[in-house]
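In my numbering, the protein residues as written are 22 to 366. Written below as structure tokens is the structure these notes are about.
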């Protein structure tokens with residue numbers, strides 16, 4: 022796994038704030054083209070094709086949370102500014118989670134970068150963060166960035182940390198991107214999608230546009246991601262997360278049961294996130310969201326002509342630079358993907 026972690030360490034250091042992913046896409050493009058993979062760049066989605074493009078369709082969003090300069094010494098949470106906002110309504114689990122924890126950002130180091138080239142523009146420190154009800158966004162007081170122009174993206178400073186059997190960084194969703202690149206290095210021959218603006222609820226539109234552009238449909242689109250839990254105890258006996266559905270659609274793909282069977286054979290611990298959330302709601306008596314996914318939005322928009330499954334790694338510290346997953350969970354996802362696409366007979 023040393024080769025995999027080398028890839029992940031590099032990717033984590035390259036900023037990819039939602040809405041300003043271009044330089045990160047260029048890094049992925051170079052890494053894949055170096056090993057002979059064909060890469061095509063469309064609006065909002067980077068598409069990689071192996072020697073047998075129809076043998077698999079895997080997707081992972083490439084954007085991460087960060088800030089955008091919106092005026093002189095004014096900085097807002099990038100995913101929730103008006104120009105990025107798509108169908109965010111304040112009801113998703115991730116939005117509710119973020120709005121509860123503005124204090125987590127204080128004293129975090131951040132780096133500004135030029136959105137097209139990725140050039141480093143300077144280092145700053147978040148001194149305060151608060152929720153502005155009028156703008157329905159998190160507003161940041163950042164020291165050291167009074168020279169920046171509106172539209173400049175600002176990424177959290179990040180590096181991969183190892184402790185015991187855990188890894189920590191801003192893993193969502195650079196972890197899945199690294200896994201896909203590693204899969205190509207070890208024999209994956211199918212197609213992979215790296216989408217932008219997932220954290221702003223827009224990535225599914227870019228991915229759907231690609232399928233419509235070439236009049237392609239599939240019932241085996243596999244979307245990789247991380248999945249948030251509250252504490253270490255919740256994920257101690259979990260390796261991968263599956264879903265029957267999300268808030269938007271039911272997932273009806275043969276992949277779901279194939280993955281479940283592989284997990285059983287490989288002694289990989291799993292559960293279905295929607296069933297877990299329903300059970301929590303039942304116990305608390307509070308109705309909440311089953312969560313929204315890129316896949317669910319695509320299934321709903323296509324009335325099921327594109328179908329698929331999700332495969333996620335359970336994490337804690339969601340949407341922070343200390344998002345944490347177990348090494349066993351990472352290895353479990355790679356084992357499942359190898360069984361699905363490389364070792365199949």
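Glycine included, each C-beta is placed from N, C-alpha and C at the ideal position.
Buried or exposed (CB count within 10 angstroms, at least 16 for buried), residue i
i: residue 86; result: buried
i: residue 251; result: exposed
i: residue 112; result: With a pLDDT of only 48 at residue 112, under the threshold of 50, the placement of this residue in the model should not be trusted, and no figure is reported.
i: residue 108; result: Here the model assigns residue 108 a pLDDT of 49, short of 50, so the residue's position is not dependable, and the following value carries that caveat. Exposed, because fewer than 16 other Cβ atoms sit within 10 Å of the Cβ of residue 108.
i: residue 138; result: exposed
i: residue 193; result: buried
i: residue 364; result: exposed
i: residue 276; result: buried
i: residue 127; result: exposed
Cβ-Cβ distance between residue i and residue j below 8 angstroms
i: residue 266; j: residue 295; result: yes
i: residue 320; j: residue 261; result: no
i: residue 100; j: residue 39; result: yes
i: residue 309; j: residue 302; result: yes
i: residue 224; j: residue 82; result: yes
i: residue 200; j: residue 49; result: no
i: residue 182; j: residue 175; result: no
i: residue 70; j: residue 56; result: no
i: residue 46; j: residue 235; result: no
i: residue 74; j: residue 212; result: yes
i: residue 280; j: residue 332; result: yes
i: residue 42; j: residue 84; result: yes
i: residue 256; j: residue 337; result: yes
Beta-carbon contacts of residue i that lie in its chain and below 7 angstroms, excluding the five residues immediately before and after
i: residue 177; result: 87, 129, 131, 191 and 342
i: residue 141; result: 132 and 134
i: residue 327; result: 232, 238, 239, 242, 319 and 320
i: residue 353; result: 260, 261 and 289
i: residue 293; result: 263, 264 and 265
i: residue 92; result: 171
i: residue 284; result: 261, 291 and 357
i: residue 220; result: 39, 84, 86 and 100
i: residue 28; result: 199, 202 and 203
i: residue 52; result: 202
Those residues which DSSP pairs with residue i across a bridge
i: residue 162; result: 149
i: residue 344; result: 190
i: residue 214; result: 68 and 80
i: residue 177; result: 131
i: residue 262; result: 292 and 333
i: residue 249; result: 336
i: residue 183; result: 188
i: residue 59; result: 70
i: residue 309; result: Partner(s): none; residue 309 has no beta bridge.
i: residue 243; result: 79 and 330
i: residue 97; result: 89 and 160
i: residue 143; result: 133
i: residue 271; result: 266
i: residue 195; result: Residue 195 is not bridged to any residue.
8 angstroms Cβ shell around residue i - same chain, five flanking residues per side excluded
i: residue 8; result: With the chain represented from 22 up to 366, any question about residue 8 goes unanswered, as that position is not in the structure.
i: residue 271; result: 265 and 320
i: residue 158; result: 97, 98, 101, 102 and 152
i: residue 349; result: 186 and 260
i: residue 325; result: 270 and 273
i: residue 124; result: 150
i: residue 145; result: 130, 131, 132, 133, 163, 164, 165, 166 and 175
i: residue 62; result: 46, 50 and 68
i: residue 287; result: 353, 356, 357 and 360
Contact set for residue i: own chain, Cβ-Cβ below 6 angstroms, skip 5 residues either direction
i: residue 90; result: 96, 169, 171 and 173
i: residue 195; result: 32 and 33
- Message: With three or more beta-carbon pairs closer than 8 angstroms as the criterion, would you say the segment 219 to 237 touches the segment 58 to 66?
- Response: At 8 angstroms Cβ cutoff, the stretches touch.
- Message: Using a Cβ distance threshold of 8 angstroms, determine whether the segment 162 to 178 contacts the segment 70 to 78, with at least three qualifying pairs required.
- Response: Segments in contact, no.
- Task: Could you tell me whether the segment 338 to 357 touches the segment 237 to 253, where touching means 3 or more Cβ pairs closer than 8 angstroms?
- Result: Contact between the segment 338 to 357 and the segment 237 to 253 is present, because at least three Cβ pairs lie under 8 angstroms.
- Query: So, do the segment 348 to 363 and the segment 206 to 217 have three or more beta carbon pairs nearer to each other than 8 angstroms?
  - Reply: The segment 348 to 363 makes contact with the segment 206 to 217: 3 or more CB pairs, one atom from each, lie closer than 8 angstroms.
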